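Counting the sequence shown from 1 gives a position; my numbering is that position plus 299.
We put the CB at the ideal spot given by N, CA and C, even for glycine.
These figures come from a predicted structure and were not determined experimentally.
First up is the structure itself, then whatever we jot down about it.
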Amino acid sequence: MTDNAKCPDCGNTEIGRGKLSGYAVLEPINKIFSTGSDILVDVCTNCGTIIKMKVKQPEKFKVR
Ligand SMILES: [Zn+2]
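Now the structure itself:
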């Protein structure tokens with residue numbers, strides 16, 4: 300994935316990907332039976348700016 304990944308701060312294009320999990324997992328508010336979703340984070344490998352955060356399983360947050 301080397302589409303539009305570019306650091307807005309320093310212009311570096313070497314973007315690393317991390318994952319927030321464990322205590323940092325994001326859980327849907329309205330669902331009782333849910334394990335939440337890991338959060339994927341794109342990080343600039345030069346200056347450390349977090350460029351993008353997204354949940355791994357966005358379908359868990361749909362309201363039905
Ligand atoms: Zn940067």
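Status (buried if at least 16 other CB within 10 Å, exposed otherwise) for residue i
i	result
M300	In this prediction, M300 has a pLDDT of 45, which is less than 50 and means its spatial position is unreliable; what the coordinates show is noted afterwards. By the neighbour-count rule (16 or more Cβ atoms within 10 Å), M300 is not buried but exposed.
I349	exposed
C346	exposed
I328	exposed
C306	buried
For residue i, the three-state DSSP class (helix, strand or coil)
i	result
K359	helix
V324	coil
G317	strand
D308	coil
C346	coil
heavy atom of ligand 1 below 7 angstroms from residue i C-beta
i	result
T348	yes
N345	yes
D341	no
N311	yes
D308	yes
Opening and closing residue of the beta strand (DSSP E) in which residue i lies
i	result
K351	349 to 354
D337	No beta strand (DSSP E) holds D337; DSSP gives it neither H nor E.
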